[in-house]
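Quick mapping for you: the protein sequence lines, in order, are chains A and B.
Its first residue numbered 1, the first sequence is counted upward by one per residue in UniProt numbering.
Its first residue numbered 1, the second sequence is counted upward by one per residue in UniProt numbering.
Structure record follows, encoded as structure tokens.
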Amino acid sequence: MNIHFTEQELAFREEVRAFLKAELPADIAAKVRLGKKLTKQDHQRWQAILHRRGWYAANWPLEHGGTGWGVVEKHLFEEECAAAGAPRLISFGVNMVAPVIIRFGTPEQQAHYLPRILDGSDWWCQGYSEPGAGSDLASVKTRAVRDGNHYVVNGQKTWTTLGQYANRIFCLVRTDPEAKPQAGISFLLIDMDSPGISVRPIITLDGAHEVNEVFFDDVRVPLENRVGEENDGWTCAKYLLTHERTGQAGVGISKAALAHLKAIARHEVIDGRPALEDPLLRQRIAEVEMRLMAVEMSTLRILARAQAGGTPGTESSILKITGSEIRQAISDLARRVLGPHALPFLADEMVLEHEGEPLHADYSVTPAAQYLNLRKLSIYGGSNEIQKNILAKAQLGL
Amino acid sequence: MDFALSDEQQMLQDMLARLIREHYGFEQRDRVQRRAPGFSETFRTQLAELGVLAMPIDEAHGGMGGGGVENLVVMQELGRGLCLEPFLESQILGGGLVQALGSEAQREALLPVLAAGELLLAVASEEPRTHYRPEWSETRAERIGDGWQLSGRKSVVFGGQAADEILVVARTAGEPGERNGLSLFRVDPAAEGVQRRAYPTMAGPWACDLVLVGVTLADDALLGCAGAAFEALDHQLGRAMAAQCAEAVGSMQQACELTLEYLKTRRQFGQPIGRFQVLQHRMVDMTTELELATSMAILAACVADEPASAERSRQLVAAQHVVKRAAQFIAEQAVQLHGGIGMTWEYSLAHHARHLVMLGHRFGDDDRHLRVYADLLEAN
Ligand SMILES: Cc1cc2nc3c(=O)[nH]c(=O)nc-3n(C[C@H](O)[C@H](O)[C@H](O)COP(=O)(O)OP(=O)(O)OC[C@H]3O[C@@H](n4cnc5c(N)ncnc54)[C@H](O)[C@@H]3O)c2cc1C
């Protein structure tokens, strides 16, 4: 057994580090580190830089303009990006719909959509969830009815992350209401500027506008925008979900968040001493740090198995659960360590007439909002309860 | 032993519950929350008219002479309604400090108008380096002629954005960390040298930061003897914490009710999600925590007015710890069991969750209380 990276992998890591040092814009990294909201332009700027280097589509095969990296390279790349304060990639296009198009799409679809994802022409969002279809995704009701060489789509999607920025949405729609739930679903690519689509913001409990409702009212979608066979969209959906879940442990992000927490704890004062010297806080930080180490080792074990040709199985559910819990625990400590200074609430979306930022340190404005926002980690992408159901059934045979 | 409310207390509860039900709709609260001063003057007037604002003030000064249990009843209802009006800050803590430290003339000047709702007080005890412990205050007041000059910074003063007077903790002697040397001053927020910055808080109500630069104060701005405010401050903070426990219990009750209702109505996989055993057990855990928290809030209410003692401190700290742990657990689970809906601003549950977690940033979180309790282990 050997738990170390190879020389080659270490060299790759150095290359990534050097690139990040030279190319990651300092203003963007500062925002990421402080947990501030990134604009659409921030995301696009970073994405363009990655694309120039040929590193935007880390998960794609070479022939489509990807990196062709193996799992370890991808892991190292993600880790280094998080450590440097690079923005998390908005994965709906590059890491969700693209793998589906590569796997199930026609050559025409591939030729049309993939370059547009690479060069940033398209911003995708995910239209899976509906008011009545959350954990029970197979019960989607949004209808797509054939009319000549179009589908006519009616219904509602919800929780659409960053749908306000997107010009495309990939959707699960019901094309056969008579079939068994999973069987009558198709996977459609829809232009957001088609007539009949409207987007309504949902403000979340942290005061942010991150998610939306999307309404479809007689929206005409060409038949060639369907990926895969009619009524076989569930296959695409399942394939995409396995992609959504890999990397969800977010080890790199958690490490960066821990480093930030410690930096805050050095500045804040408890009982006249730096908070980081407080025995109880130290113990709390130590606990998460050790648990994170365990999740990191588990991630590496799973990676090694994948590298050796195994397919990731239910282990990804373990990573999803523990990874989300750790990120939530770190955000919990980050707000606690601020004491009363975590309280000021300055969400720009709420049009509040406050009199400016409070007088405390610049790092104090975001942790409480982040803590609230990160409640989502155990809800979306298959809630932690659903992950446990999967593990109980598929791994334990219960 | 008798845990029942008296007839008067029961009436107080019913009256307040009805008032909130009829006049404190969620949408109205949301509108109010978004703009300074962050609470409803109208609702505060209604509270004054019903005598609620006078409840914690003693009878000799125009109040109703209510004690810990009356505070429990009032705060619990205000918590259920997520009311934003500064009752704890102004009536319980502000009034309590004036009562405890003020001269007869100061009490006569402040308490009757406070009881009538014509005066709004706030208390500034936090600073950048206090972390819930006023003995670490660094703000200083110097004797100048027959008055005082005040300089320093105060953080997150609840109700301070609208207060007519702010009671400011400042050091007239001693070094940060020492209990001796702390004094309490009445400060007019409009006075020269006072800079006030108001903002909403994550908990819901508004607060402000204060920068005090050479603020000139008259002699009678000092409440009590110079340098001797700590004991009274500590005692009154104890009463405020007991009240906060009650507020938390009201909010937790509401969060649990909303969640239980949701489990019965939300359907996934062809059945109400409340049929899933894992969610049933989670709901049972939430209810259990609420039960324990309620008990501790009652304990806190009953010992809050007792004279200072190690036993009272232990009980109040324990109550805070149990209640705040329960509050965070219930908030997180309530959101989780609601799925995406629990995270939306439009739904009152999200605001209970914010409020319940952010309670921990006022007077300390459960870890802060754990530290303090651990120090008191040998005290009984
Ligand atoms: C911030 C955020 C962003 C999102 N972004 C997107 C997006 O971009 N696109 C998109 O399509 N969706 C998105 N989602 C939706 C997300 O995937 C759903 O919220 C999630 O699937 C849960 O569904 P639900 O909210 O309807 O909760 P429900 O499914 O109603 O679940 C409610 C509760 O019941 C539990 N539960 C449900 N079924 C079971 C069971 N069988 N056993 C045990 N417990 C169960 C759940 O775990 C949860 O605790 C987002 C959600 C959030 C919060």
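Every residue gets a Cβ at the ideal spot worked out from N, C-alpha and C, and that includes glycine.
| said: DSSP three-state label for S135(A), please. | reply: coil
| said: If the cut-off is 7 Å on Cβ atoms, which residues from the stretch 361–383 of chain A count as contacting chain B, listed in chain order? | reply: A368, L372, R375, K376, S378, I379 and S383
| Quick one: what's got a C-beta closer than 8 Å to D271(A)'s C-beta in the same chain, skipping five residues either side? | D278
| query | Between L346(A) and N231(A), what straight-line distance do the alpha-carbon atoms span, to the nearest angstrom? | reply | 46 Å
| Excluding the five sequence neighbours on either side, which residues of its own chain have a C-beta within less than 6 Å of the C-beta of M358(B), listed in chain order? | M202 and A203
| field | Amino acids of chain B, ordered along the chain, whose beta-carbon sits closer than 9 Å to that of residue 437(A) | value | What the structure shows of chain A is the stretch from 1 to 398, and residue 437(A) is not part of that stretch, so it cannot be assessed.
| What are the residues of the stretch 252–275 of chain B that lie near chain A, defined by any Cβ-Cβ distance shorter than 7 Å? | Q268 and F269
| request: Report yes or no: is there a C-beta of chain A within less than 7 Å of the C-beta of D209(B)? | output: yes
| request: Could you tell me if K238(A) is buried or exposed, where buried requires 16 or more neighbouring beta carbons within 10 angstroms of its beta carbon? | output: exposed
| said: Distance check for G270(B) and R18(B), CA to CA, integer angstroms please. | reply: 38 Å
| task | May I ask you to check if the CB of W234(A) is nearer than 6 Å to at least one heavy atom of ligand 1? | result | no
| message | Checking 7 Å against the spacing of the C-beta atoms, do A350(B) and T259(B) come in under that value? | response | no
| said: Does the beta-carbon of K37(A), which I'm using as the reference point, lie nearer than 6 Å to any heavy atom of ligand 1? | reply: no
| query | Which chain B residues sit within Cβ distance under 7 Å of G272(A)? | reply | W136, P176 and G177
| Who are the neighbours of W159(A) on chain B, taking C-beta pairs under 7 Å? | G340
| query | Do the stretch 81–91 of chain A and the stretch 151–160 of chain A touch if we need at least three Cβ pairs shorter than 8 Å? | reply | no
| query | Under three-state DSSP, which class holds H150(A)? | reply | strand
| field | CB contact flag (V69(B), A301(B), <7 Å) | value | yes
| From E224(A) to I202(A), what does the alpha carbon distance come to, in whole angstroms? | 31 Å
| field | Interface positions of the stretch 277–303 of chain A facing chain B (Cβ-Cβ less than 9 Å), listed along the chain | value | D278, P279, L280, L281 and R284
| said: If the cut-off is 7 Å on Cβ atoms, which residues from the UniProt domain "Acyl-CoA oxidase/dehydrogenase middle" (136–204) of chain B count as contacting chain A, listed in chain order? | reply: W136, R153, S155, V156, P176, G177, R197, A198, Y199, P200, T201, M202 and A203
| query | Would the C-beta of I169(A) count as close to ligand 1, meaning under 6 Å from any of its heavy atoms? | reply | no
| message | Between V278(B) and chain A, is any beta-carbon pair separated by less than 7 Å? | response | yes
| request: Using 10 angstroms around the beta-carbon of H321(B), count the other beta-carbons present and answer buried if the total reaches 16, otherwise exposed. | output: buried
| task | Answer with buried or exposed for N71(B), where buried requires no fewer than 16 other C-beta atoms within 10 angstroms of its C-beta. | result | buried
| query | Can you tell me whether K393(A) is buried or exposed, with buried defined as 16 or more other CB within 10 angstroms of its CB? | reply | exposed
| said: Give me the chain A residues within the contact set of P128(B), using Cβ-Cβ distance strictly less than 7 Å, ordered along the chain. | reply: H360
| Going by the C-beta, is Q182(A) closer than 6 Å to any heavy atom of ligand 1? | no
| Applying the criterion that 16 or more other CB atoms from any shown protein chain within 10 Å of the CB defines a buried residue, is Q338(B) buried or exposed? | Here the sequence assigns His to residue 338(B), which means Gln is not the residue at that position. Buried.
| request: May I ask whether a heavy atom of ligand 3 can be found less than 6 Å away from the beta carbon of G340(B)? | output: Only ligand 1 can be found as ligands here, which leaves ligand 3 out of the picture.
| query | Of all the CB atoms in chain B, is at least one closer than 7 Å to the CB of S135(A)? | reply | yes
| task | Using a Cβ cut-off of 8 Å, pull out every chain A residue sitting near T216(B), in sequence order please. | result | Those within 8 Å of T216(B) in chain A number zero; the least Cβ separation is about 22 Å.
| field | Under 8 Å from the C-beta of D367(B): neighbouring residues of chain A | value | L280, L281, R284 and R336
| task | Starting from E41(B), find everything on chain A with Cβ-Cβ shorter than 7 Å and list it in chain order. | result | By Cβ distance, chain A contributes nothing, its closest Cβ being about 16 Å from E41(B), past 7 Å.
| query | For ligand 1, any of its heavy atoms closer than 6 Å to the Cβ of L337(B)? | reply | yes
| Classification of M11(B) by the beta-carbon crowding that lies within 10 angstroms, buried from 16 upward | exposed
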